[in-house]
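Enquirer:
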Amino acid sequence: MGLWKVGRLLPPSRSLLAAYPTLVSARLSVRAHSGFSRGFAGAVRRTGSSGAALRCAFLLGGGLGLYHTVKYTLQRQHAEQPEQSGSGTACDVKLKLYQYKTCPFCSKVRVFLDYHAIPYEVVEVNPVMRQEIKWSTYRKVPILMVNDSVQLKDSSVIISALMTFLISREKNIPEIVSCYPEMKATNDRGKEVIEFGNKYWVMVDENKHKHVYPEKTSRQEEIKWRKWVDEWLVHLISPNVYRTPAEALASFDYIVREGNFGTFEGVFAKYLGAAAMWLISKRLKRRHNLQDDVRQDLYKAVNEWVAAIGKKKKFMGGENPNLADLAVFGVLKVMEDLEAFTDMMENTKVKKWYRRMENAVHHRPE
186 MGLWKVGRLL PPSRSLLAAY PTLVSARLSV RAHSGFSRGF AGAVRRTGSS GAALRCAFLL
246 GGGLGLYHTV KYTLQRQHAE QPEQSGSGTA CDVKLKLYQY KTCPFCSKVR VFLDYHAIPY
306 EVVEVNPVMR QEIKWSTYRK VPILMVNDSV QLKDSSVIIS ALMTFLISRE KNIPEIVSCY
366 PEMKATNDRG KEVIEFGNKY WVMVDENKHK HVYPEKTSRQ EEIKWRKWVD EWLVHLISPN
426 VYRTPAEALA SFDYIVREGN FGTFEGVFAK YLGAAAMWLI SKRLKRRHNL QDDVRQDLYK
486 AVNEWVAAIG KKKKFMGGEN PNLADLAVFG VLKVMEDLEA FTDMMENTKV KKWYRRMENA
546 VHHRPE
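Residue numbers (this note's numbering): 186 to 551.
(1) Going by Cα to Cα distance, which pick from N392, C291, D390 is closest to L337?
(2) With a CB to CB cut of under 8 Å and the five nearest residues on each side skipped, what residues in its chain are close to A486?
(3) Kindly indicate the opening and closing residues of the beta strand (DSSP E) around A302.
(4) Hey, out of R295, K286, I303, R480, whose CA is closest to V310's CA?
(5) S466 to L457, Cα distance in whole Å?
(6) Look up L483 in the DSSP assignment and say whether it is helix, strand or coil.
(7) Helix, strand or coil: how does DSSP classify K376 here?
(8) Applying the criterion that 16 or more other CB atoms from any shown protein chain within 10 Å of the CB defines a buried residue, is P289 buried or exposed?
(9) Can you tell me which of the three DSSP states G515 falls into?
(10) For Q266, which residues in the same chain have their Cβ closer than 7 Å to its Cβ, ignoring the five residues on either side in sequence?
(11) Compute the distance between the beta-carbons of A459 and F437, then report whether it is under 7 Å.
(12) Using the Cα positions of A492 and L282, report the straight-line distance between them to the nearest angstrom.
(13) Is any non-hydrogen atom of the ligand ADP found closer than 6 Å to the C-beta of M501, if you look at the structure I gave you?
(14) According to DSSP, is L329 part of a helix, a strand, or is it coil?
(15) Relative to the alpha-carbon of Y365, which residue among A435, F381, P359, A431 has its alpha-carbon at the smallest distance?
(16) Taking K338 as part of the beta strand (DSSP E), name the residues at either end of that continuous run.
(17) Are the Cβ atoms of M529 and L469 separated by less than 7 Å?
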């Protein structure tokens, strides 16, 4: 049996792109945060050895959305030992997640795994040296290794592929991954980047389609909001958590506290990194055409999300969260304990949904 998508059966073949070109996303431009980070990293590198401190600060500052395209090194490495997370038997494969804890894309993957009670090992990647992923030609996180042999890349691809596996257990991971072809594209700076086809699609057999998506519009709705998370919501995080010097300092205090830095490196990263990211947040605001008060864009976005769910449903997925619910929750979760998160909870209608999501993800009764 092939894999079901939009009224047709897809052969799970690595020639999927050639056989079904209309199924592959036409959008080949890289996300804006990637382009900005690459351009910025190049400028930082040109400062020479005397700019090592500034380079370190800027790289660490990208931990909430700018982190994954910056390329440069410092002298020392501070790698955190792997830890075990998750419990349950929903998935009988061995998973190892390479991540930055404060990255919203990595948070999306963790939330998905936790909600489905899938055990996984965490490897915290040092944001400066990135030695933990030196074996990979793909230099972004998250990276999810399956059984130490199959590498899943891109948070949305990881989630779609694992959801497909949970639904269609007769399909193996390599077969499923072939449905998300890797493609080379050129970004707005003329640099070659990697994109993935079908990244928001869960591939399900025809006889399981109605069980997974009982309503006619539920699948398209899920895809729409998953794209919205990656293309809009995630870009509101950095401008809000680095909005003022005080907020930037508090954000870096959290990054350093959660990371693995020595005393000197921690102080260095916290203060210089906070100053750098406060300045960069101004550029991000202009880049994404945000209001002078970026809180208003955040409030508008989460209220738009809540309004789309409506008053009759607990979640976008109905009685239970769907992949869009998990994605929105994962991105917003990285702001917890910061002023931006407190303001959002107090000035929008998202609180009830967010608390329901906390209970659902952590398997607590309401």
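Glycine included, every Cβ here is placed at the ideal spot set by N, Cα and C.
This one's a predicted model, so the numbers in the text were calculated from it and none came from an experiment.
Expert: Considering the structure as presented:
(1) One-based indexing of the sequence shown puts residue 337 at position 152. With distances taken between CA atoms, L337 lies nearest to C291 out of N392, C291, D390.
(2) In the sequence shown, residue 486 corresponds to position 301, counting from 1. W417, L418, L421, listed in sequence order.
(3) Counted from its first residue, the sequence shown places residue 302 at position 117. Boundaries for A302: no beta strand (DSSP E) harbours it, and the DSSP string shows neither H nor E there.
(4) Against the sequence shown, residue 310 aligns to sequence position 125. When only C-alpha atoms are compared, the closest one is K286.
(5) Here residue 466 refers to the residue found at position 281 when the sequence shown is read from its first residue. Here residue 457 refers to the residue found at position 272 when the sequence shown is read from its first residue. In a straight line, the C-alpha of S466 is about 14 Å away from that of L457.
(6) Here residue 483 is taken as the residue at index 298 of the sequence shown, counted from 1. Three-state result, L483: helix.
(7) Counting from 1 along the sequence shown, the entry for residue 376 is found at position 191. Here DSSP, grouped into helix, strand and coil, assigns K376 to coil.
(8) Counting from one through the sequence shown, the residue named residue 289 turns up at place 104. By the 10 Å Cβ count, P289 comes out buried.
(9) Translated into positions along the sequence shown, residue 515 becomes position 330. G515 sits in a helix when the DSSP states are folded into three classes.
(10) Translated into the one-based positions of the sequence shown, residue 266 becomes position 81. Its pLDDT being 31, under 50, Q266 is placed unreliably by the model, and nothing is read from it.
(11) As a first step, residue 459 must be located in the sequence shown, where it is residue number 274. As a first step, residue 437 must be located in the sequence shown, where it is residue number 252. In terms of Cβ geometry, A459 and F437 form a close pair [threshold 7 Å].
(12) Counted from its first residue, the sequence shown places residue 492 at position 307. Counted from its first residue, the sequence shown places residue 282 at position 97. Using only the alpha carbons, I get a separation of about 33 Å.
(13) As far as ligands go, the structure on display features none, and thus does not contain the ligand ADP.
(14) The residue labelled residue 329 in the question sits at position 144 within the sequence shown. Residue state, collapsed to three classes: strand.
(15) Walking along the sequence shown from the start, residue 365 turns up at place 180. The candidate whose alpha carbon is nearest that of Y365 is F381.
(16) Counting from one through the sequence shown, the residue named residue 338 turns up at place 153. Residues 335-338.
(17) On the sequence shown, residue 529 is found 344 positions in, with the first residue counted as 1. On the sequence shown, residue 469 is found 284 positions in, with the first residue counted as 1. Going by C-beta atoms, M529 is not nearer than 7 Å to L469.
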